[in-house]
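Just so you know, the protein sequences line up as chains F and W, in that order.
Using the numbering used here, the first residue of the first sequence is number 48, and each one after it goes up by one.
Using the numbering used here, the first residue of the second sequence is number 48, and each one after it goes up by one.
There are 2 protein chains.
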Amino acid sequence: MTASAARPDTRPSPRKRAGNGAAPRDIAGDVGLDALVGHAGYAVRRFQIWIFQDFIRTLGDVDIRPTQYSVLTVIGANPGLSQMAVAKRLGIERARLVHLLDSLEQRKLVKRIKSKADRRSHALHLTAPGETALAKFKRLAAEHERNVEAKIGKENRAHLLRILAGFT
Amino acid sequence: MTASAARPDTRPSPRKRAGNGAAPRDIAGDVGLDALVGHAGYAVRRFQIWIFQDFIRTLGDVDIRPTQYSVLTVIGANPGLSQMAVAKRLGIERARLVHLLDSLEQRKLVKRIKSKADRRSHALHLTAPGETALAKFKRLAAEHERNVEAKIGKENRAHLLRILAGFT
DNA sequence: AAAGATTGTTGTTGACGACAACAATTGTCA
DNA sequence: TGACAATTGTTGTCGTCAACAACAATCTTT
Numbered sequence: 048m049t050a051s052a053a054r055p056d057t058r059p060s061p062r063k064r065a066g067n068g069a070a071p072r073d074i075a076g077d078v079g080l081d082a083l084v085g086h087a088g089y090a091v092r093r094f095q096i097w098i099f100q101d102f103i104r105t106l107g108d109v110d111i112r113p114t115q116y117s118v119l120t121v122i123g124a125n126p127g128l129s130q131m132a133v134a135k136r137l138g139i140e141r142a143r144l145v146h147l148l149d150s151l152e153q154r155k156l157v158k159r160i161k162s163k164a165d166r167r168s169h170a171l172h173l174t175a176p177g178e179t180a181l182a183k184f185k186r187l188a189a190e191h192e193r194n195v196e197a198k199i200g201k202e203n204r205a206h207l208l209r210i211l212a213g214f215t
Numbered sequence: 048m049t050a051s052a053a054r055p056d057t058r059p060s061p062r063k064r065a066g067n068g069a070a071p072r073d074i075a076g077d078v079g080l081d082a083l084v085g086h087a088g089y090a091v092r093r094f095q096i097w098i099f100q101d102f103i104r105t106l107g108d109v110d111i112r113p114t115q116y117s118v119l120t121v122i123g124a125n126p127g128l129s130q131m132a133v134a135k136r137l138g139i140e141r142a143r144l145v146h147l148l149d150s151l152e153q154r155k156l157v158k159r160i161k162s163k164a165d166r167r168s169h170a171l172h173l174t175a176p177g178e179t180a181l182a183k184f185k186r187l188a189a190e191h192e193r194n195v196e197a198k199i200g201k202e203n204r205a206h207l208l209r210i211l212a213g214f215t
């Protein structure tokens with residue numbers, strides 16, 4: 048959880064002292080991050096870890112991970128897409144998508160249909176149970192989204208989405 | 048470093064076309080995300096991928112990855128910390144930190160000193176070249192941070208850091 | 001038809017998180 | 001004091017994931 052709530056910038060000077068190996072400090076209690084605070088990447092990484100764990104936990108009963116959810120969502124919204132198109136849209140490699148689809152196809156959620164137009168490619172579709180399952184996943188995903196709101200605040204979440212809109 | 052040639056990242060605009068369930072799909076160029084837009088986790092994941100790649104690229108000449116940089120920064124700011132304390136502070140496992148420190152110690156950037164107080168633990172310090180190297184890393188990290196500003200805007204970055212301050 | 005590009009697939013590599021087990025050491029408590 | 005539990009660093013395994021490389025089948029271009 049990493050409490051560390053109120054911590055103004057007033058840190059007692061990073062006291063550098065070499066030589067002896069004895070420097071007992073509060074274990075995990077008050078370790079200064081100093082330069083690390085203020086790095087966007089670090090904050091985003093920690094936040095992403097939290098948000099993914101909450102997603103996995105909230106969708107734990109249906110055993111759907113964030114990447115699987117994104118694949119299902121894109122296919123559901125755009126039936127007939129090729130694997131290449133899905134991979135390009137989601138920013139994942141087509142080699143990676145192969146395994147993702149293998150798993151989803153084994154679970155009878157999606158199906159690969161050999162395209163008549165281009166016999167190299169597969170047209171991706173949701174199965175009938177896949178459609179109803181996705182509807183349930185979306186309800187759980189909305190619940191996860193409410194968890195995010197509860198964590199950082201409703202308006203902060205909205206603002207964050209606006210800031211990062213260019214990356215979706 | 049590969050740097051992802053040609054950067055297919057050139058997305059004209061978020062272009063939300065939500066609402067209707069009908070999905071007019073263009074083959075590869077314009078795939079609707081629909082429900083995926085509006086998920087904080089997706090936006091954060093894409094942003095984090097971008098930010099890490101930029102960090103790795105900007106610090107490419109010195110061959111320092113984000114996790115390594117965070118370890119060096121914490122040790123530099125708190126000399127004498129134990130491995131357990133560093134791991135707990137950064138949210139990484141102590142088993143993982145072992146390999147990270149092995150690498151950094153091989154490069155003569157940090158050193159493990161057997162603690163006199165607790166002979167189980169190691170007191171972590173930067174070496175002399177480690178100190179000067181970290182100074183250079185920090186300059187490059189600041190350059191990376193300016194790239195983030197250029198990408199999302201100065202005030203947006205500041206606001207984002209404020210929103211996510213609780214996760215650092 | 002020949003050459004080149006694309007699509008799906010398989011495989012490898014390396015970073016990373018989650019666990020489990022272990023020796024050495026320290027802390028605790030009867 | 002001595003037995004027992006907890007901690008620290010280490011090693012190892014397993015699974016996820018991104019980045020590449022190579023390949024056969026199939027377009028596309030010339």
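Positions of the beta carbon are idealized from the N, C-alpha and C atoms, including for glycine.
As the structure is a prediction and not an experimental result, all values here were calculated from the model.
Exercise. With DSSP run on the structure shown, which of helix, strand or coil describes residue 159(W)?
Worked result: Position 112 of the second sequence holds residue 159(W). Residue 159(W): strand per DSSP, three-state reduction.
For this session: Compile a chain-ordered list of the residues in the region 179 to 194 of chain W whose CB is closer than 8 angstroms to at least one CB of chain F.
Result: 185, 188, 191 and 192
Problem set entry | Close beta carbons around residue 136(W), own chain, < 7 angstroms, minus the five adjacent residues each side | For the purposes of this step, residue 136(W) is identified with residue 89 of the second sequence, where counting begins at 1. Within the same chain, residue 136(W) has close Cβ partners 121.
Problem set entry | Near-chain W residues of the region 131 to 149 of chain F (beta-carbon distance less than 8 angstroms), N- to C-terminal order | 131, 132, 133, 135, 136 and 138
For this session: Put residue 208(W) into one of helix, strand or coil per three-state DSSP.
Result: Residue numbering aside, residue 208(W) sits at position 161 when the second sequence is read from its first letter. Reduced to three states, the DSSP call for residue 208(W) is helix.
For this session: Mind reading off the beta-carbon distance from residue 214(W) to residue 93(F)? Whole number of angstroms is fine, and I expect it under 8 angstroms.
Result: Locating residue 214(W) in the second sequence gives position 167, where the first residue counts as 1. Locating residue 93(F) in the first sequence gives position 46, where the first residue counts as 1. Yes, they are in contact, since the Cβ atoms of residue 214(W) and residue 93(F) sit about 4 angstroms apart, within 8 angstroms.
Problem set entry | As assigned by DSSP and simplified to three states, the class of residue 86(W) | In the second sequence, the residue the question calls residue 86(W) occupies position 39. It is coil, neither helix nor strand.
Problem set entry | Residues sharing a beta bridge with residue 191(W), DSSP | In the second sequence, counting from the first residue as 1, residue 191(W) sits at position 144. Answer is none; residue 191(W) lacks a bridge partner.
Problem set entry | Contacts around residue 177(W), its chain only, beta-carbon distance under 6 angstroms, and the 5 residues preceding and following it disregarded | As a position in the second sequence, residue 177(W) is number 130, starting the count at 1. The residues are 156 and 157.
Exercise. Listed from N- to C-terminal order along the chain, which residues in the region 106 to 117 of chain F have their beta-carbon within a distance smaller than 7 angstroms of any beta-carbon of chain W?
Worked result: 113 and 117
Problem set entry | Under the three-state DSSP convention, the category residue 137(W) falls into | For the purposes of this step, residue 137(W) is taken as residue 90 along the second sequence, with counting starting at 1. Helix, per DSSP.
For this session: Could you check if residue 73(W) is buried or exposed, using at least 16 other CB atoms within 10 Å of its CB as the buried criterion?
Result: In the second sequence, residue 73(W) corresponds to position 26, counting from 1. With a pLDDT of 36 at residue 73(W), under the threshold of 50, the predicted position of this residue should be treated as unreliable, though the coordinate-derived value follows. Classification of residue 73(W): exposed, given that the 10 Å Cβ count is below 16.
Problem set entry | Expected contact under 8 angstroms - CB spacing of residue 194(W) and residue 210(F) to nearest Å | In the second sequence, residue 194(W) corresponds to position 147, counting from 1. In the first sequence, residue 210(F) corresponds to position 163, counting from 1. About 16 angstroms; that fails the 8 angstroms criterion.
Exercise. Exposed or buried, which one is residue 145(F) when buried takes at least 16 other CB atoms within 10 Å?
Worked result: Here the question's residue 145(F) lines up with position 98 in the first sequence. The residue in question, residue 145(F), is exposed, as its Cβ has fewer than 16 Cβ neighbours within 10 Å.
Problem set entry | Nearest-angstrom beta carbon gap, residue 91(W) and residue 95(F) [assumed within contact, 8 angstroms] | Position 48 of the first sequence, counted from the start, is the residue given in the question as residue 95(F). Position 44 of the second sequence, counted from the start, is the residue given in the question as residue 91(W). The pair is a contact, with the Cβ atoms about 5 angstroms apart (cut-off 8 angstroms).
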